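Numbering (the working numbering), first residue to last: 2 to 338. We put the beta carbon where it would ideally sit given N, CA and C, even for glycine. On a predicted model such as this, the values are computed, not experimentally measured, just so you know. For reference, the structure is listed below as structure tokens.
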């Protein structure tokens with residue numbers, strides 16, 4: 002039936018489709034998990050256990066054996082993305098109350114949604130774009146982008162911005178599965194290969210569980226705002242990342258555009274943060290829906306903008322192609338002599 006290939010045609014399909022199905026189930030039959038109990042209830046409501054395994058597998062997939070150039074590139078992109086999200090969150094906190102905006106076009110918008118939607122980069126898409134439009138070193142920058150996945154960076158950002166306070170045990174607990182996976186993956190390459198397979202496999206399971214915390218009313222109410230938020234992510238983080246790539250990482254800006262997206266993993270952040278800090282519970286459902294929309298918007302537009310940038314200023318630009326041709330000609334002349 003080619004179900005997977007059809008899902009893959011949808012941007013972020015393995016995240017969005019199960020999320021949508023979970024929302025369908027929660028809207029039409031909200032008591033399904035409790036009715037069946039046992040493993041069915043675990044599958045429907047087990048967001049945290051499933052995500053714990055996923056974070057462990059992500060940690061195991063990261064290798065320490067990255068070149069200094071790769072670490073510099075990825076370090077710049079990750080740091081600037083996180084700092085931009087923090088700055089946006091601090092500015093937003095001046096205007097948006099703790100309980101979020103509850104009326105008008107911006108109803109459902111919260112500081113939590115803004116920080117979470119800007120914090121995470123779609124690492125898989127970034128790597129694919131850099132393999133086509135960038136260099137091997139830029140593609141390798143994916144290695145540190147996995148650090149953005151999950152709630153830890155958002156918790157740090159909220160804490161640094163003075164918007165929330167989390168006990169140190171909670172902060173360590175959010176990072177511990179990732180660190181254990183990271184240690185095992187670097188101690189044994191076979192374990193890394195084994196656990197890395199779980200990264201993509203777990204996505205539809207936690208997406209379905211997350212969807213069971215949403216309903217269509219929330220999704221419909223935040224749809225247009227989610228599109229605007231996705232465009233804002235590209236405009237704000239894209240501008241900062243391009244400047245950082247050119248000025249700090251000595252690139253041509255293509256990697257910056259490629260990293261201006263929202264990862265599917267960002268959808269997991271609001272409910273996890275809400276489970277840790279109850280003051281965020283009222284805004285978590287709307288934030289999750291907003292982020293899910295932004296995932297789709299950025300997944301559609303980021304590749305288009307990256308390709309355009311590469312043709313104007315990157316590896317497909319006339320200047321770059323002429324410079325490469327000159328290098329080849331010089332080598333040929335040197336070889337002939």
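Reference residue i, options the options, closest by Cα
{"i": "residue 113", "options": "21, 62, 86, 317", "result": "86"}
{"i": "residue 292", "options": "319, 74, 310, 232", "result": "232"}
{"i": "residue 278", "options": "160, 65, 88", "result": "160"}
{"i": "residue 284", "options": "40, 102, 65", "result": "102"}
{"i": "residue 268", "options": "311, 206, 61", "result": "206"}
{"i": "residue 273", "options": "2, 286, 259", "result": "286"}
{"i": "residue 216", "options": "21, 5, 104", "result": "21"}
{"i": "residue 66", "options": "311, 193, 124", "result": "193"}
{"i": "residue 299", "options": "200, 76, 266, 261", "result": "261"}
{"i": "residue 139", "options": "263, 259, 10, 306", "result": "259"}
{"i": "residue 294", "options": "110, 2, 249", "result": "110"}
{"i": "residue 227", "options": "64, 124, 263, 240", "result": "263"}
{"i": "residue 55", "options": "270, 184, 238, 179", "result": "179"}
{"i": "residue 19", "options": "202, 321, 131", "result": "202"}
{"i": "residue 200", "options": "15, 120, 135", "result": "15"}
{"i": "residue 31", "options": "77, 315, 214, 184", "result": "214"}
{"i": "residue 99", "options": "282, 322, 303, 314", "result": "282"}
{"i": "residue 124", "options": "5, 304, 313, 88", "result": "304"}
{"i": "residue 88", "options": "323, 313, 234, 270", "result": "234"}
{"i": "residue 196", "options": "2, 53, 49", "result": "53"}
{"i": "residue 158", "options": "218, 120, 146", "result": "120"}
Spatial distance of residue i from residue j (CA atoms)
{"i": "residue 118", "j": "residue 327", "result": "43 angstroms"}
{"i": "residue 182", "j": "residue 222", "result": "38 angstroms"}
{"i": "residue 225", "j": "residue 62", "result": "36 angstroms"}
{"i": "residue 92", "j": "residue 17", "result": "29 angstroms"}
{"i": "residue 23", "j": "residue 251", "result": "44 angstroms"}
{"i": "residue 1", "j": "residue 289", "result": "The structure shown does not extend to residue 1, since the chain spans only 2 to 338, so no value can be given for it."}
{"i": "residue 28", "j": "residue 210", "result": "13 angstroms"}
{"i": "residue 58", "j": "residue 171", "result": "20 angstroms"}
{"i": "residue 106", "j": "residue 276", "result": "27 angstroms"}
{"i": "residue 186", "j": "residue 256", "result": "27 angstroms"}
{"i": "residue 133", "j": "residue 297", "result": "21 angstroms"}
{"i": "residue 388", "j": "residue 311", "result": "The structure shown has nothing for residue 388, since the chain only spans 2 to 338."}
{"i": "residue 236", "j": "residue 306", "result": "11 angstroms"}
{"i": "residue 104", "j": "residue 254", "result": "39 angstroms"}
{"i": "residue 8", "j": "residue 212", "result": "17 angstroms"}
{"i": "residue 81", "j": "residue 238", "result": "8 angstroms"}
{"i": "residue 154", "j": "residue 246", "result": "21 angstroms"}
{"i": "residue 96", "j": "residue 108", "result": "13 angstroms"}
{"i": "residue 25", "j": "residue 129", "result": "31 angstroms"}
{"i": "residue 346", "j": "residue 301", "result": "Here the chain comprises residues numbered 2 to 338, so residue 346 is not present and cannot be evaluated."}
{"i": "residue 77", "j": "residue 83", "result": "10 angstroms"}
{"i": "residue 191", "j": "residue 241", "result": "38 angstroms"}
{"i": "residue 321", "j": "residue 198", "result": "37 angstroms"}
{"i": "residue 4", "j": "residue 204", "result": "16 angstroms"}
{"i": "residue 208", "j": "residue 79", "result": "24 angstroms"}
{"i": "residue 314", "j": "residue 2", "result": "42 angstroms"}
{"i": "residue 74", "j": "residue 10", "result": "30 angstroms"}
{"i": "residue 248", "j": "residue 319", "result": "22 angstroms"}
{"i": "residue 47", "j": "residue 131", "result": "35 angstroms"}
{"i": "residue 152", "j": "residue 270", "result": "5 angstroms"}
Residue-level contact to chain B via CB, residue i, 9 angstroms cutoff
{"i": "residue 293", "result": "No chain B is present in this structure, which holds just one protein chain."}
Endpoints, the alpha helix (DSSP H) within which residue i is located
{"i": "residue 112", "result": "112-120"}
{"i": "residue 202", "result": "190-202"}
{"i": "residue 29", "result": "14-29"}
{"i": "residue 59", "result": "48-62"}
{"i": "residue 258", "result": "255-259"}
{"i": "residue 215", "result": "From DSSP, residue 215 is part of no alpha helix (DSSP H); its letter is neither H nor E."}
{"i": "residue 35", "result": "33-37"}
{"i": "residue 295", "result": "285-313"}
{"i": "residue 156", "result": "153-161"}
{"i": "residue 97", "result": "First-last for residue 97: undefined, no H or E at that position."}
Any non-hydrogen atom of the ligand GDP closer than 8 angstroms to residue i Cβ
{"i": "residue 26", "result": "For the ligand GDP, the structure offers nothing, since it holds no ligand at all."}
The segment 164-177 in contact with the segment 29-47 per 3-pair CB rule at 8 angstroms: no
Within the chosen definition, does the segment 165-172 reach the segment 40-57 through at least 3 CB pairs nearer than 8 angstroms? no
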